[in-house]
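Before any comments, here is the structure.
2 protein chains.
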Amino acid sequence: MTEPSEPDEPALDRIRALPSWLLNRAAGRGRRLLGEAFAHEGLRMPHHAVLAAVADIGPVAQAALGRETGFDPKDMVGILNDLQRALLVTRTPDPHDRRKNVIALTAEGRSCLERLALLGDEANRALLAALTPAEREQFVALLARVAEEREEGPVV
Amino acid sequence: MTEPSEPDEPALDRIRALPSWLLNRAAGRGRRLLGEAFAHEGLRMPHHAVLAAVADIGPVAQAALGRETGFDPKDMVGILNDLQRALLVTRTPDPHDRRKNVIALTAEGRSCLERLALLGDEANRALLAALTPAEREQFVALLARVAEEREEGPVV
DNA sequence: AAAAAACGTTGGACACCCCAATGAAGATGA
DNA sequence: TCATCTTCATTGGGGTGTCCAACGTTTTTT
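Protein sequences, first through last, are from chains A and B.
Position one of the first sequence corresponds to residue 982 (our numbering), numbered consecutively onward.
Position one of the second sequence corresponds to residue 982 (our numbering), numbered consecutively onward.
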């Protein structure tokens, strides 16, 4: 029985059992693990995502990158500043559209991305270390559905 | 096969499938849902937790409250300022130990806590709406184990 | 040519998390 | 008793991730 209300149970324990609370905890743990893993490279999670997006969709404008990754344009500026300073991407004006910057991956960027992928995988392995492989698979599948920001279709 | 490295797969899609990424997304969604649910009361998640802790361990000092909930003393001050201003708790000097404040729940605090519990449950129901009841139970069980910050016993 | 949209940038805000230092007060032990 | 150590509440600061509003410039649309 996992009834939502059990008045006898301590209130704080109930909160600590809520998915929202657990998700916050687990996400924090993941952020910490990834932060430590990426510390060598001086990068963080958003850098990894943007670098990967640049690798995927080739030389591309910042706005398209933002649409792809879901990052705010404001934040994209900072992320790309960091990546550019680390010589992992180049940012050059687009001759065909003078509003745009063309973001392209450098050779260093590609190799760094490979390192980040390995480090990220390792951190995620540590994150799910408490689960068996089968449980991990199941957990990720369920988590993916929870993470999906799907509109509650009003069933037209 | 959920091998950690599949070079052909787009890099960003791989990142988006990482537990750390999904946890961040799902936690953000939960925070947003809870934030909207608690907006009426003018409170947020930490307020809920602290209010619940006060209800659980009766009139109690701030430090004990911090140990119970895991919140930083600095943040506890702000949270209690809010709760006190909303007349949900009282904060009075402890006669037996003039260092301490005695935090006690008011009648309004108790009824507000009940409302928050209902709102929290509802938000969490929306958060896990994509899952069947059986999946929900399984997900929460797995998530709880992932959220646990257990030391990797070095097997002494 | 005028209006609308997209682009990169800047400034600001919010939620949650964590650490360091301080003055006041209690606990400890020589 | 007196000095030391600890606890308490508070203040000040930092860091990550997310999001919104506005601006000047440039391209597209009408």
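We put the CB at the ideal spot given by N, CA and C, even for glycine.
- Residues of chain A with a Cβ closer than 8 Å to the Cβ of threonine 1050 of chain B are, in chain order, Leu993.
- The contact set of aspartate 1053 of chain A on chain B, defined by CB atoms closer than 8 Å, is empty, because the minimum CB distance reaches about 13 Å.
- With contacts defined by Cβ atoms closer than 8 Å, isoleucine 1084 of chain B and leucine 1024 of chain B do not form a contacting pair.
- Only residues of its own chain outside the window of five on either side were considered, and among them Leu1014, Leu1015 and Ala1018 have a CB closer than 7 Å to the CB of alanine 1104 of chain B, listed in chain order.
- Among the CB atoms of chain B, one or more fall inside 8 Å of the CB of glutamate 1129 of chain A.
- Chain A has a Cβ within less than 8 Å of the Cβ of arginine 1126 of chain B.
- Inter-segment contact for the region 1095-1113 of chain A and the region 1042-1056 of chain A is absent: fewer than three beta-carbon pairs are separated by less than 8 Å.
- In this structure, arginine 1072 of chain A places its C-beta atom within 8 Å of the C-beta atom of asparagine 1082 of chain A.
- Comparing alpha-carbon positions, the option among A/Asp1102, A/Ile996 and A/Pro1040 lying closest to aspartate 1037 of chain B turns out to be A/Ile996.
- For the C-beta of glutamate 1022 of chain B, not a single chain A residue is nearer than 9 Å; the gap to the nearest is close to 15 Å.
- Here asparagine 1062 of chain A is exposed. Its C-beta has fewer than 16 other C-beta atoms within 10 Å.
- The alpha-carbon separation between aspartate 1078 of chain B and proline 1040 of chain B amounts to approximately 14 Å.
- Only exposed fits proline 1074 of chain A, as fewer than 16 other CB atoms lie within 10 angstroms of its CB.
- Here the alpha carbon of alanine 1107 of chain B sits roughly 17 Å from the alpha carbon of leucine 1124 of chain B.
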